[in-house]
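Peer 1: I'd like to ask you about the structure that follows.
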Amino acid sequence: MKLNNKEFFKLSFLYTAVAAFPPFLQLIVRPLIEGDDKLNAADFSQIEIAETIASLALIIAIFAMSNAISRFYYDYLDDKKKYKKLVSGIFNSIILRGFLVLIVAYIFKDQIGKIFTQPELQNFSRYGFAAIIIGINRAINITAFALYRNEKKVRRFLIFSFMLGLLRSGFQLIGVFYFDMSFVGYVYGSCIGSSLISISILIYTYYSTGFHFNFKFLKPVNQFALPLFEYAIVVWSINFADRYFLESTPTILGIYSQALLLGRGIEIILQGIQGASQPEMFRMMKEGIKKNMGEIKKLSHLLMAQTQFMIALAIIPAMAYCLIFKTDLKLAAGFIAIVFIRYILRTQYIVFSFPVYFEKKTKIFLYLNLIVLAINLFLLYLLVPVWGAYGAITAIMISQTIQVAGIYQYQKKIVNISWNINKLLVFPFVIIAIAIIMELLKLQANINAFITSSIVVVSILISLLILYKKEIRNIIAKGWKQYL
41 MKLNNKEFFK
51 LSFLYTAVAA
61 FPPFLQLIVR
71 PLIEGDDKLN
81 AADFSQIEIA
91 ETIASLALII
101 AIFAMSNAIS
111 RFYYDYLDDK
121 KKYKKLVSGI
131 FNSIILRGFL
141 VLIVAYIFKD
151 QIGKIFTQPE
161 LQNFSRYGFA
171 AIIIGINRAI
181 NITAFALYRN
191 EKKVRRFLIF
201 SFMLGLLRSG
211 FQLIGVFYFD
221 MSFVGYVYGS
231 CIGSSLISIS
241 ILIYTYYSTG
251 FHFNFKFLKP
261 VNQFALPLFE
271 YAIVVWSINF
281 ADRYFLESTP
291 TILGIYSQAL
301 LLGRGIEIIL
311 QGIQGASQPE
321 MFRMMKEGIK
331 KNMGEIKKLS
341 HLLMAQTQFM
351 IALAIIPAMA
361 YCLIFKTDLK
371 LAAGFIAIVF
381 IRYILRTQYI
391 VFSFPVYFEK
401 KTKIFLYLNL
411 IVLAINLFLL
421 YLLVPVWGAY
431 GAITAIMISQ
441 TIQVAGIYQY
451 QKKIVNISWN
461 INKLLVFPFV
471 IIAIAIIMEL
481 LKLQANINAF
491 ITSSIVVVSI
501 LISLLILYKK
511 EIRNIIAKGW
521 KQYL
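The C-terminal residue of the sequence shown carries number 524 in this note's numbering, and the numbering is unbroken.
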């Protein structure tokens with residue numbers, strides 16, 4: 041199977057644009073609700089904790105079904121009856137697990153509140169159930185969007201994604217200004233907006249597939265998903281443990297979380313790019329890895345190059361955006377470069393995970409990331425009291441580097457793909473090293489963050505020119521011929 045560059049870039053652009061829409065709306069919402077007489081850094085730290093709860097609820101409710109539906113789609117594609125059972129059963133299982141999470145949270149609501157130090161967070165009933173519903177809604181939405189990408193139902197994907205962004209942001213503003221000028225109003229607004237979309241998706245899905253739920257039929261799906269679910273819990277612990285270690289310092293967490301929020305915008309955009317890549321990668325692997333070796337490598341290089349280019353384009357504008365805030369949130373500008381650069385590690389991990397997913401060797405994700413989690417928690421315990429937010433950043437970067445190294449070594453054992461190490465490992469790690477050095481220089485010599493971040497951006501662009509000079513020349517030559 042030959043990779044259709046035109047089709048890939050078209051889908052990649054569409055998925056990226058749609059994925060970027062909700063984060064873009066958040067760029068508008070945040071300054072509107074922030075200020076001396078509105079929400080401040082401490083309020084945004086509470087939003088971040090609510091986000092942590094929503095993310096955990098998402099992981100439990102979804103049970104890796106977005107990955108499962110993407111993989112089993114190809115197994116049941118030619119049998120419409122089984123295909124409808126698969127889709128309906130997966131959505132029913134998400135709802136069931138979400139309902140169980142709400143019941144458990146209600147039983148232990150007082151105990152959950154006690155794990156926090158901020159009084160506003162200790163009253164879990166006031167915001168926690170809404171945060172859990174947000175997570176359940178995300179599970180439904182993410183699984184549906186994964187299905188639409190595999191089906192290449194681009195219009196359906198576009199409609200639901202854009203409506204999700206509009207409704208969520210609109211109700212966030214309504215919640216803050218007309219319900220409660222606090223993180224609670226924000227959480228309730230997000231809950232209502234996302235619920236409207238998830239309910240619409242469920243109605244449409246059941247109308248198309250009917251209502252099916254068969255535990256025996258879903259058994260192979262759940263067996264595939266279980267290691268991924270266990271892995272997702274571990275990854276959640278790795279990615280969100282820093283919030284808990286910083287929760288007792290609300291202002292610092294609020295500043296740090298603002299940089300993370302902008303980073304999540306980058307992550308969501310990258311998910312759009314990866315959403316275009318995964319179906320193509322799996323189709324080529326199904327036809328034969330050896331047969332499509334060149335195209336698999338080509339797609340991997342495109343994914344890595346797009347990631348680095350996206351990060352380079354985003355760093356300076358994101359820093360400038362932070363300066364419009366009126367409270368301490370403006371200090372988040374100093375964290376942008378080092379927070380954004382770690383998404384290079386994420387893409388490396390995704391690329392080397394593709395063969396593992398396809399071969400259904402998913403248990404490795406649990407074992408590898410249990411080791412990574414232990415290291416991350418130890419580093420957080422050791423470094424956060426000393427370095428604050430930079431301790432959290434250091435811990436996660438070391439942990440993610442170990443993740444990449446581990447999955448790279450494992451996939452080498454199960455598939456024989458001659459990756460381009462310069463494009464996928466060497467140069468990306470050089471960029472990460474440059475970013476770390478610039479961060480140290482900024483702190484030690486009190487250099488303006490815009491100067492050090494600009495050096496990081498230039499380094500990324502130069503590395504891309506070096507690595508992809510042949511491809512760039514071909515693109516320029518084709519464009520010049522068309523112009524003539």
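Built from N, CA and C at the ideal position, the CB exists for glycine as well.
Determine the burial state of residue 484: buried for a count of at least 16 other Cβ atoms within 10 Å of its Cβ, exposed for fewer.
Peer 2: Locating residue 484 in the sequence shown gives position 444, where the first residue counts as 1. Result: exposed.
Peer 1: Excluding five sequence neighbours on each side, which residues of the same chain lie with their C-beta closer than 7 Å to the C-beta of residue 339?
Peer 2: Looking up residue 339 in the sequence shown gives position 299. Taken in chain order, the residues that qualify are 43, 317, 320, 321.
Peer 1: Would you please verify whether the beta carbon of residue 502 is less than 8 Å from any beta carbon of chain C?
Peer 2: This model lacks chain C altogether, as it is built from one protein chain only.
Peer 1: Name the residue from 196, 237, 161 whose alpha carbon lies nearest to the alpha carbon of residue 179.
Peer 2: If you number the sequence shown from 1, residue 179 lands on position 139. Comparing Cα positions, the closest option is 237.
Peer 1: So, is residue 498 buried or exposed, given that buried needs 16 or more other C-beta atoms within 10 angstroms?
Peer 2: Numbered from 1 along the sequence shown, position 458 holds the residue referred to as residue 498. It counts as exposed.
Peer 1: For residue 304, I'd like the list of residues in its chain whose CB is within less than 8 Å of its CB, leaving aside the five on either flank, ordered along the chain.
Peer 2: Position 264 of the sequence shown, counted from the start, is the residue given in the question as residue 304. Once the five neighbours on either side are set aside, the close Cβ partners of residue 304 are 63.
Peer 1: Which residues bound the alpha helix (DSSP H) around residue 341?
Peer 2: The count along the sequence shown starts at 1 and reaches residue 341 at position 301. Taken as a continuous stretch (DSSP letters only), the alpha helix (DSSP H) holding residue 341 covers 333-362.
Peer 1: Considering only the beta carbon of each residue, do residue 89 and residue 169 sit closer than 8 Å?
Peer 2: The residue you call residue 89 lines up with position 49 of the sequence shown. The residue you call residue 169 lines up with position 129 of the sequence shown. Cβ distance not < 8 Å, so residue 89 and residue 169 don't count as in contact.
Peer 1: Is the stretch 266-279 close to the stretch 126-138, with three or more CB pairs under 8 Å?
Peer 2: no
Peer 1: May I ask you to report which of helix, strand or coil DSSP gives residue 399?
Peer 2: Counted from its first residue, the sequence shown places residue 399 at position 359. Here residue 399 sits in coil by DSSP.
Peer 1: Are the beta-carbon atoms belonging to residue 54 and residue 209 less than 8 Å from one another?
Peer 2: Residue numbering aside, residue 54 sits at position 14 when the sequence shown is read from its first letter. Residue numbering aside, residue 209 sits at position 169 when the sequence shown is read from its first letter. The answer is no: Cβ separation not under 8 Å.
Peer 1: Excluding the 5 residues preceding and the 5 following residue 288 in the sequence, name in chain order all residues of the same chain whose CB lies nearer than 6 Å to its CB.
Peer 2: Numbered from its first residue, the sequence shown carries residue 288 at position 248. 157, listed in sequence order.
Peer 1: Apply the 10 Å Cβ neighbour rule to residue 204 and answer buried if 16 or more other Cβ atoms are within range, or exposed otherwise.
Peer 2: Residue numbering aside, residue 204 sits at position 164 when the sequence shown is read from its first letter. The residue in question, residue 204, is buried, as its Cβ has 16 or more Cβ neighbours within 10 Å.
Peer 1: Smallest Cα separation from residue 409: which of 504, 293, 274?
Peer 2: Residue 409 sits at position 369 when you count from the first residue of the sequence shown. Among 504, 293, 274, the Cα nearest to that of residue 409 belongs to 274.
Peer 1: Helix or strand or just coil, what does DSSP make of residue 287?
Peer 2: Locating residue 287 in the sequence shown gives position 247, counting from the first residue. Coil, per DSSP.
Peer 1: Under 8 Å, do residue 463 and residue 350 count as touching if we go by C-beta distance?
Peer 2: The count along the sequence shown starts at 1 and reaches residue 463 at position 423. The count along the sequence shown starts at 1 and reaches residue 350 at position 310. Contact: no.
Peer 1: Go ahead and label residue 535 buried or exposed: buried means 16 or more other beta carbons lie within 10 angstroms of its beta carbon, across all protein chains shown.
Peer 2: Coverage of the chain is limited to positions 41 through 524, which leaves residue 535 absent and any answer about it impossible.
Peer 1: Identify which residue in 213, 241, 175, 207 has its Cα closest to the Cα of residue 188.
Peer 2: Your numbering for residue 188 matches position 148 in the sequence shown. The candidate whose alpha carbon is nearest that of residue 188 is 241.
Peer 1: Could you tell me the alpha carbon to alpha carbon distance between residue 476 and residue 95, rounded to whole angstroms?
Peer 2: Position 436 of the sequence shown, counted from the first residue, corresponds to residue 476. Position 55 of the sequence shown, counted from the first residue, corresponds to residue 95. Each residue's alpha carbon lies about 28 Å from the other.
Peer 1: Pairing CB atoms from the stretch 377-394 with CB atoms from the stretch 437-453, are three or more of them under 8 Å?
Peer 2: yes
Peer 1: Output yes or no for whether 8 Å exceeds the beta carbon distance between residue 450 and residue 379.
Peer 2: Translated into positions along the sequence shown, residue 450 becomes position 410. Translated into positions along the sequence shown, residue 379 becomes position 339. Not in contact: residue 450 and residue 379 (Cβ atoms no closer than 8 Å).
Peer 1: Confirm, please, whether the CB-CB distance from residue 383 to residue 306 is below 8 Å.
Peer 2: Looking up residue 306 in the sequence shown gives position 266. Looking up residue 383 in the sequence shown gives position 343. Taking 8 Å as the Cβ cut-off, residue 306 and residue 383 qualify as a contacting pair.
Peer 1: Please report how far the alpha carbon of residue 293 lies from the alpha carbon of residue 222, in whole angstroms.
Peer 2: By one-based count along the sequence shown, residue 293 stands at place 253. By one-based count along the sequence shown, residue 222 stands at place 182. Roughly 16 Å between the two C-alpha positions.
Peer 1: Residues in the same chain with beta-carbon distance under 7 Å from residue 482, minus the five sequence neighbours each way, listed in chain order, please.
Peer 2: For this step, residue 482 is matched to residue 442 along the sequence shown. By the criterion of a C-beta distance shorter than 7 Å, residue 482 is surrounded in its chain by 489, 492, once the five residues flanking it on both sides are discounted.
Peer 1: Taking the beta carbon of residue 250 as the centre, do at least 16 other beta carbons fall within 10 Å, making it buried, or is it exposed?
Peer 2: On the sequence shown, residue 250 is found 210 positions in, with the first residue counted as 1. Residue 250 is exposed by the Cβ-count criterion.
Peer 1: How many angstroms separate the CA atom of residue 152 from the CA atom of residue 455?
Peer 2: The sequence position of residue 152 within the sequence shown is 112, counting from 1. The sequence position of residue 455 within the sequence shown is 415, counting from 1. So the alpha carbons of these two residues sit roughly 44 Å apart.
Peer 1: Could you name each continuous alpha helix (DSSP H) segment of 4 residues or more that falls completely within the stretch 371-440, going from the start of the chain to the end?
Peer 2: 376-381, 383-398, 403-427
Peer 1: Given a cut-off of 8 Å, decide if residue 130 and residue 224 are closer than it, judged by their beta-carbon atoms.
Peer 2: Taking the sequence shown and counting its residues from 1, the one referred to as residue 224 is at position 184. Taking the sequence shown and counting its residues from 1, the one referred to as residue 130 is at position 90. It is not a contact, given that the beta carbons lie outside the stated cut-off.
Peer 1: Does residue 195 pass the burial test, meaning 16 or more other C-beta atoms within 10 Å, or should it be called exposed?
Peer 2: Stepping through the sequence shown from its first residue, residue 195 is reached at position 155. When all chains shown are included, residue 195 counts as exposed.
Peer 1: Can you tell me where the alpha helix (DSSP H) with residue 237 in it begins and where it stops?
Peer 2: Sequence index remark: in the sequence shown, residue 237 carries index 197 (1-based). Start and end: 223-249.
Peer 1: Pop quiz: residue 81 and residue 295 are said to be a contact at Cβ under 8 Å. What is the actual Cβ separation, rounded to whole angstroms?
Peer 2: In the sequence shown, the residue the question calls residue 81 occupies position 41. In the sequence shown, the residue the question calls residue 295 occupies position 255. With 8 Å as the limit, residue 81 and residue 295 qualify as a contact, their Cβ atoms being about 6 Å apart.
Peer 1: Going straight from the alpha carbon of residue 381 to that of residue 149, what length do you get?
Peer 2: As a position in the sequence shown, residue 381 is number 341, starting the count at 1. As a position in the sequence shown, residue 149 is number 109, starting the count at 1. Roughly 37 Å between the two C-alpha positions.
Peer 1: Taking 8 Å as the limit between beta carbons, can you name the residues of its chain near residue 39, skipping five residues before and five after?
Peer 2: There is no way to answer for residue 39, as the model of the chain reaches only from 41 to 524.
Peer 1: Where does the unbroken alpha helix (DSSP H) through residue 490 begin, and where does it stop?
Peer 2: Your numbering for residue 490 matches position 450 in the sequence shown. Note, residue 490: alpha helix (DSSP H), 489-507.
Peer 1: Cβ of residue 219 within 8 Å of Cβ of residue 228?
Peer 2: Residue numbering aside, residue 219 sits at position 179 when the sequence shown is read from its first letter. Residue numbering aside, residue 228 sits at position 188 when the sequence shown is read from its first letter. The answer is yes: Cβ separation under 8 Å.
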